[in-house]
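Novice: Below: one structure in structure tokens.
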């Protein structure tokens, strides 16, 4: 099965700073790379994703970059705001079975 | 758009009691459906997934079971709850372009 590692497990930044979360996976067949945001007491929500034929995707303040050779992809959040505080999960997908989620990164944006 | 209804939102049950959590999906037919459990401050553990009516795959041996009696209905059950069954239970549906999650059920076994 897929081994997924996510770093760091916790991240505290000042409002306005950037945050980067890295996800490393093991299955070279993974071809879809989503990031989810989970706010307290709620289910995770897809915030950005990328397919294996693209190296980078940006949506306003968030972006995802992919390095298929090294088997890792990263979430980048610029100009962080307090509402970005949440737990973020990666979940590389081979399309063959259910998603394996990373262990999560708790992001705290200090106002 | 796809919507997942999950209930109840919170549940407190005594050890040894039965459990039934229901999930229904709107906006798509023949969805892949999933049950995940999340312990406090932890990641998402896959419990069951289903690719169609009556088709259930179990990922973790435990005293929980799942059923899919209708295309858009997914049920998580237990005959006798354990303290270790406490957690946040999430139903999800997937189409190959990411998952949509329900709002979850927080189960506390006392």
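Residue numbers (my numbering), protein chains in the order written: chain R, -6 to 104; chain W, 19 to 128.
Think of the CB as a built atom: it goes at the ideal place given N, C-alpha and C, for glycine as much as any other residue.
What three-state label does DSSP hand residue 104 of chain R in the structure shown?
Specialist: coil
Novice: Is it the case that the Cβ atoms of residue 31 of chain R and residue 98 of chain R are separated by a distance below 8 angstroms?
Specialist: no
Novice: State yes or no: is the C-beta of residue 55 of chain R within less than 8 angstroms of the C-beta of residue 41 of chain R?
Specialist: yes
Novice: Comparing C-alpha positions only, which one of R:90, R:101, R:84 sits nearest to residue 18 of chain R?
Specialist: R:84
Novice: Interface residues of chain R around residue 121 of chain W at Cβ under 8 angstroms?
Specialist: 35, 36
Novice: Hey, how far is the Cα of residue 24 of chain R from the Cα of residue 34 of chain W?
Specialist: Inter-residue distance for residue 24 of chain R and residue 34 of chain W is about 43 angstroms (C-alpha atoms, whole angstroms).
Novice: Going along the chain, which residues of its own chain have a beta-carbon closer than 8 angstroms to the beta-carbon of residue 45 of chain W, five neighbours each way excluded?
Specialist: 19, 20, 21
Novice: When DSSP labels each residue in this structure, what does residue 27 of chain R get in the three-state scheme?
Specialist: strand
Novice: Look at the Cβ atom of residue 101 of chain R, then the Cβ atom of residue 67 of chain R, and state whether they are nearer than 8 angstroms.
Specialist: The answer is no: Cβ separation not under 8 angstroms.
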